[in-house]
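Data first, discussion second: the structure below is written as structure tokens.
Numbering (my numbering), first residue to last: 2 to 205.
Okay, structure coming up:
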């Protein structure tokens, strides 16, 4: 039997483009798909726990699995090699369209798949390292990362009406009550008050 496998990372993505490529490939090669299988899941999740794992367990000798690219099967080298090894032991062939790979039960296919998966993983590692280096450089240059402290709309509203808030604190109104009325956490209110006065004992 011939199975077509489609995977997207999130429900927000569409299956249409992958389905189009597979249908076009099958039409050009005279292949009839017996069953379509699709799922929305991260490629980093173990394939055994995905729909792909159940599909491979169901497939047998002589079956063919078609996907648009090898990264649809998994997002790291070890996972892809594990999938290839499992399929090889069961006599299952895999056709990867964009990569133009015929991953059958032969050593050449396994070497090619291994090299491709290794290159893809190295690229992801390099991207991650470049991102970390860029963030470290910004931090070293004194650039604050993340949202500026006190930038939310609720906090800004409190700061604009600080005279009233301060007056309530001076009158002995419980900090929890004031914070709730302002729509912020009491600890946030305490920190701001402490940064604006030396008489912080009032709110403890």
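Just so you know, even glycine gets a beta-carbon here, dropped at the ideal spot from N, CA and C. Given the structure is predicted, the values throughout are model-derived calculations rather than measurements.
Check your understanding: If you run the structure through DSSP and keep just helix, strand and coil, what is residue 5?
Key -> Residue state, collapsed to three classes: strand.
Rounded to whole angstroms, what's the CA-CA distance from residue 9 to residue 166? Just pull it up for me. Going by the C-alpha atoms only, they are around 50 angstroms apart.
Could you give the residue range of the alpha helix (DSSP H) that holds residue 165?
Residue 165 -> alpha helix (DSSP H) spans 163-171.
Between residue 70 and residue 53, is the Cβ-Cβ spacing less than 9 angstroms?
Cβ distance not < 9 angstroms, so residue 70 and residue 53 don't count as in contact.
Quiz item: DSSP on residue 186, reduced to helix/strand/coil?
Solution: Looking at residue 186 - three-state DSSP - the assignment turns out to be coil, as it is neither helix nor strand.
- Query: What's the C-alpha gap between residue 23 and residue 100?
  - Reply: Roughly 13 angstroms separates the two Cα atoms.
Could you tell me the distance, in whole angstroms, from the CA atom of residue 134 to the CA atom of residue 35?
In a straight line, the C-alpha of residue 134 is about 48 angstroms away from that of residue 35.
Given a cut-off of 9 angstroms, decide if residue 104 and residue 79 are closer than it, judged by their beta-carbon atoms. Going by C-beta atoms, residue 79 is not nearer than 9 angstroms to residue 104.
Counting C-beta neighbours from all protein chains within 10 Å, is the total for residue 152 16 or more, i.e. buried, or is it exposed? Note on residue 152: pLDDT 48, under 50, position unreliable in the model; the coordinate value appears next. Exposed.
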